[in-house]
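Here the sequence shown is numbered in the working numbering, starting from 910 and rising by one per residue.
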Amino acid sequence: QVQVVESGGGLVQPGGSLRLSCAASGFTFNAATMSWHRQAPGKERELVARISRGGGTLNYADSVKGRFAISRDNVKNMVYLQMNNLRPEDTAVYYCKADFGYAYWGQGTQVTVSS
């Protein structure tokens, strides 16, 4: 059974940092492109960052370039999103997605940036 489970969200002040984690199981992890997406209230879900199967290709939304970093560990079947210099507009539910021909989403983790 495929499982994608996010963790690490929370409340942080502007300028602060958070590290999100995504634990994956039930499929061949190194065969999947992994990505983080987010959805703010009243807005559509958007791509935040994507990492290729081997980790050699990274893509970021313009709004997070230079502040966020995606990485993966193909031994531990984990994906991470390091978020630095957080802004109030980064407030959203963050979702991890596994794509290997089929797409599987996690349940999401809330990130709130507020003073």
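Each residue gets a CB set at the ideal place from its N, CA and C atoms; glycine is no exception.
In the structure shown, Ser-972 adopts helical secondary structure according to DSSP, grouped into three states. Shown here, Glu-915 sits in a strand according to DSSP, grouped into three states.
Sequence-distant partners of Ala-940 (beyond 5 residues in either direction) whose C-beta falls short of 8 Å from its own C-beta, in its chain, are Arg-962, Phe-1009. Annotated three-state conformation of Ala-949 is coil, per DSSP. Per the Cβ contact rule, the stretch 915-923 is in contact with the stretch 993-1005 (3 or more Cβ pairs under 8 Å). Annotation for Thr-1021: the continuous beta strand (DSSP E) segment containing it runs 1018-1022.
Around the C-beta of Asn-986, 16 or more other C-beta atoms lie within 10 Å, and the residue is accordingly described as buried.
In the structure shown, Phe-938 falls within a helical segment according to DSSP collapsed to helix, strand and coil. The alpha-carbon of Val-988 is positioned some 14 Å away from that of Phe-936.
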